[in-house]
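In our numbering, the protein residues as written are 3 to 160.
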């Protein structure tokens, strides 16, 4: 019988999207700036809105997780893009890469056994690496589902 997986291993699987949902990279693969900025009647966000929202929220979670001088951002303005479509392909690619890099950064922090997953940060109100990693998993997977739904409605998903 194989040995049970550690909490670190389970968190890493979830961060990397290997279980219950499609990973971020697959959800945004082959998007053009036009695709990312397309609207669906009756829905409040574009794919770009969601990519940028994931990026901004994840950036905030990472900042909180590693910065004892963390400064809370203004909700909701600091967590949503000012425009609903990317200016060009590079802006789209840079945002997508930033999300991937952020996922990898949290994964690296989880892999680092110097980081106790359950010890509350010296700052904040009891948050831990475990809680912040789960927050990224939960938040990203919710919005990845929205991205896939938008792609389906726009005819951009097989």
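Glycine included, every Cβ here is placed at the ideal spot set by N, Cα and C.
Distance cut-off 7 angstroms: residue i Cβ against heavy atoms of the ligand FMN
i: residue 103; result: Ligands displayed in this structure: none; no statement on the ligand FMN is therefore possible.
Proximity of residue i and residue j at Cβ, strictly below 8 angstroms
i: residue 122; j: residue 70; result: no
i: residue 37; j: residue 158; result: yes
i: residue 107; j: residue 58; result: no
i: residue 111; j: residue 67; result: yes
i: residue 10; j: residue 155; result: no
i: residue 97; j: residue 88; result: yes
i: residue 113; j: residue 14; result: yes
i: residue 12; j: residue 105; result: no
i: residue 117; j: residue 131; result: yes
Boundaries of the alpha helix (DSSP H) in which residue i is found, first to last residue
i: residue 113; result: 91-113
i: residue 135; result: 131-155
i: residue 50; result: 49-68
Proximity test, Cβ basis, 8 angstroms: residue i and chain D
i: residue 155; result: Structure shown: chain D not included; a single protein chain is present.
Option nearest residue i by Cα separation, candidates the options
i: residue 34; options: 145, 48, 129, 139; result: 48
i: residue 103; options: 60, 132, 85; result: 60
i: residue 81; options: 142, 56, 134; result: 56
i: residue 144; options: 62, 78, 24; result: 24
i: residue 8; options: 115, 84, 134, 127; result: 115
i: residue 41; options: 86, 21, 19; result: 86
Cβ contact check for the stretch 49-64 and the stretch 142-150: 3 or more pairs under 8 angstroms: yes
Contact between the stretch 19-36 and the stretch 66-82 (3+ Cβ pairs under 8 angstroms): no
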